[in-house]
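Residue numbers (full-length UniProt numbering): 1 to 277.
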């Protein structure tokens, strides 16, 4: 009730209210088009206040394996014979989504993406280790972009398998390693994630993608007062009740959200993260 004007039926956000979708708007299941239309309607009515991030399931070569293209053809039977999904306006929109948002708020910077960060783009050696040159990150395009007061959009020619969309976090490993998802995709350790955050002056990462738990954390081992490892291990979040809880910035490096593992009979509509300024 605190987000929309009036009764919310017009989907007009109140002043200073923003929504960022973490990607995978289209995915498995029979409601791809309905969910996408709701999200695009929110964007259309609140263009400057709604951001839709690019998930790996927005890539055609992945989504075509599941239900999105089939749903498009079923719902637009009169037109789909003339216009394929690949040539549709929907696919053109999906191809132009933002991959990552660096959100600057008073005193803090948040990294928001569907997957993890891209360690190759950030200058780490082979994407997994810190180079001998301790100031390596200052020579990267990313660092110069984040330090700029005039540049607000960075275009990267990286391929669609960027770790911004495909990368994972792993509490159980000591060193970052190549993921089973592909040779250029990584599972990021606590230590390398911490290096990324500190070198690029970022407080926390907020992401989706990993379908291990409804809410999961890459924990800050030095101030993990609530043992935030997996949602099944602590009482703060229970899908049955959708209870709310708060954590401070210094208790975690990354928070990862997903409803993919929540049983459908729990009627969980989504996982929401609110940043208060």
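All C-beta atoms in this analysis are idealised placements derived from N, C-alpha and C, irrespective of residue type, glycine included.
Note that the structure is a prediction, hence the values are computed from the model and not measured.
Taking every protein chain shown into account, the CB of residue 193 has 16 or more other CB atoms within 10 angstroms, so this residue is buried.
By the Cβ-count criterion, residue 99 is buried, with 16 or more other Cβ atoms from all chains shown falling within 10 Å of its own Cβ. At a Cβ-Cβ threshold of 9 Å, residue 208 and residue 55 count as neighbours. If you check the CB distance, residue 210 and residue 191 do not come in under 9 Å.
Under the DSSP assignment, residue 38 falls in the alpha helix (DSSP H) whose first and last residues are 32 to 45. Note that the region 100 to 116 does not touch the region 29 to 44; fewer than 3 beta-carbon pairs, one per stretch, sit closer than 8 Å. By alpha-carbon distance to residue 252, the top candidate from 37, 170, 132 is 170. For secondary structure counted as the beta strand (DSSP E) over 3 or more consecutive residues, the region 42 to 112 holds these complete runs in sequence order: 50 to 52, 100 to 105. When C-alpha distances from residue 103 are compared across 53, 250, 38, 92, the shortest belongs to 53. Residue pairing from DSSP leaves residue 115 without any beta-bridge partner. 9 Å or more divides the Cβ of residue 127 from the Cβ of residue 142. Assigned with DSSP and collapsed to three states, residue 191 falls in helix. The alpha-carbon of residue 2 is positioned some 20 Å away from that of residue 44. Each residue's CA atom was taken as its position, placing residue 41 and residue 135 some 44 Å apart. Residue environment for residue 24: buried (at least 16 other C-beta atoms within 10 angstroms of its C-beta).
For the pair residue 60 and residue 22, the CB atoms are not nearer than the 9 Å cut-off. Distances from the CA of residue 154 to each of 66, 167, 140 were compared; the closest alpha carbon is that of 140.
Boundaries for residue 136: no beta strand (DSSP E) harbours it, and the DSSP string shows neither H nor E there. Taking a 10 Å sphere around the C-beta of residue 180, we find fewer than 16 other C-beta atoms and assign the residue as exposed.
Rounded to the nearest angstrom, the gap between the Cα atoms of residue 156 and residue 137 is 17 Å. Within a 10 Å sphere around the beta-carbon of residue 165 sit 16 or more other beta-carbons, which makes this residue buried. One thing to note: residue 113 has its Cβ within 9 Å of the Cβ of residue 101. Residue pairing by DSSP places residue 178 opposite 186 in a beta bridge.
Here the alpha carbons of residue 146 and residue 197 stand approximately 12 Å from one another.
In the DSSP assignment, residue 19 forms a beta bridge with 50. In the three-state reduction of the DSSP assignment, residue 154 falls in the coil class, being assigned neither a helical nor a strand state. In the displayed model, residue 169 falls within a strand according to three-state DSSP. Setting aside the 5 residues that flank it on each side, residue 151 is surrounded in the same chain by 145, each with a C-beta closer than 7 Å to its C-beta; the list follows chain order.
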